[in-house]
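Numbering (my numbering), first residue to last: 1137 to 1358.
(1) From the DSSP output, in three-state form, read off residue 1228 for me.
(2) Applying the criterion that 16 or more other CB atoms from any shown protein chain within 10 Å of the CB defines a buried residue, is residue 1210 buried or exposed?
(3) In whole angstroms, what separates the C-alpha of residue 1312 from that of residue 1207?
(4) Name the residue from 1240, 1344, 1147 whose alpha carbon lies nearest to the alpha carbon of residue 1177.
(5) Count the other C-beta atoms from every protein chain shown that fall within 10 angstroms of the C-beta of residue 1332, then say buried if there are 16 or more, exposed otherwise.
(6) Which one or two residues does DSSP pair with residue 1312 in a beta bridge?
(7) Can you give, in chain order, each stretch of the beta strand (DSSP E) that sits fully within the stretch 1139-1217 and has at least 3 residues?
(8) Once DSSP output is grouped into helix, strand and coil, what is the label at residue 1333?
(9) On the DSSP letters alone, give me the boundaries of the beta strand (DSSP E) that residue 1355 sits inside.
(10) Are there 16 or more other CB atoms within 10 angstroms of the CB of residue 1224, so buried, or fewer, so exposed?
(11) Taking the alpha-carbon positions, what's the residue 1242 to residue 1202 distance?
(12) So what does DSSP say about residue 1253, is it helix, strand or coil?
(13) Determine, using beta carbons only, whether residue 1212 and residue 1181 come nearer to each other than 8 Å.
(14) If I'm right that residue 1197 touches residue 1226 with Cβ under 8 Å, what's the distance once you round it to whole angstroms?
(15) Could you tell me which of 1356, 1345, 1343, 1338 sits nearest to residue 1130, measuring between CA atoms?
(16) Out of curiosity, what's the CA-to-CA distance linking residue 1262 and residue 1195?
(17) With residue 1298 as the anchor, note down where its alpha helix (DSSP H) starts and where it stops.
(18) Measure from the alpha carbon of residue 1293 to the alpha carbon of each residue in 1314, 1199, 1163, then state which is nearest.
(19) Does the distance from the CB of residue 1356 to the CB of residue 1321 come in under 8 Å?
(20) Alpha carbon to alpha carbon, how far is residue 1215 from residue 1205? Give it in angstroms, no decimals.
(21) Would DSSP call residue 1345 helix, strand or coil?
(22) Sorted by chain position, which residues of the same chain lie with C-beta nearer than 7 Å to residue 1188's C-beta, five sequence neighbours on each side aside?
(23) Please classify residue 1157 as buried or exposed, where buried requires at least 16 other C-beta atoms within 10 Å of its C-beta.
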């Protein structure tokens, strides 16, 4: 994936569900084309196929379960998600925690299926642990700042800087993303200056009055 990158987590907001999800994805695609910055969507499972059919943006699953085809009612099967149109997946978001063994299994599945994985972490230590699994991205997000409007890149820059430094010592090919409270051009510029390769964000864009304008502002200082 080309960096810098903006990954927008749609979560389960009404503003990013169903028809709203498609409109948001189109805003994301339009902002990406206009700015030249790579942008990707992580919509709810029910919206993936339609978005994949009506846009050309990279799509991530919000979660994949470590299961193979068979009797796993309620699980997100990687094969089905790929057929629906994903090219990557979030894993271990603070709202959907996973055990390290399960993360490892899904990362291996992802590599076998040629999709990329973004492992979310809450601190430097966890970032170091998951970096040994060799995902394509580690996204560090202190949970207390998620949805707070207080950007981690400015409130706790040492977490971003420390994560970048230690993850790169394990595997230079892993890109570190910055999450939690990111919403403005200053936030993203600060994240990149600290060594991050992009941002993972949600409510600052999803709940804005004009998502496309908010996205263009986000990348305006790159």
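Every residue gets a Cβ at the ideal spot worked out from N, C-alpha and C, and that includes glycine.
Given the structure is predicted, the values throughout are model-derived calculations rather than measurements.
This is what the structure gives:
(1) coil
(2) exposed
(3) 35 Å
(4) 1147
(5) buried
(6) 1274
(7) 1141-1145, 1174-1178
(8) coil
(9) That residue, residue 1355, is in no beta strand (DSSP E); it is neither H nor E in DSSP.
(10) buried
(11) 5 Å
(12) strand
(13) yes
(14) 7 Å
(15) The first residue shown for the chain is 1137 and the last is 1358, placing residue 1130 beyond what the model contains.
(16) 25 Å
(17) 1293-1306
(18) 1314
(19) yes
(20) 8 Å
(21) coil
(22) 1195, 1220, 1221
(23) buried
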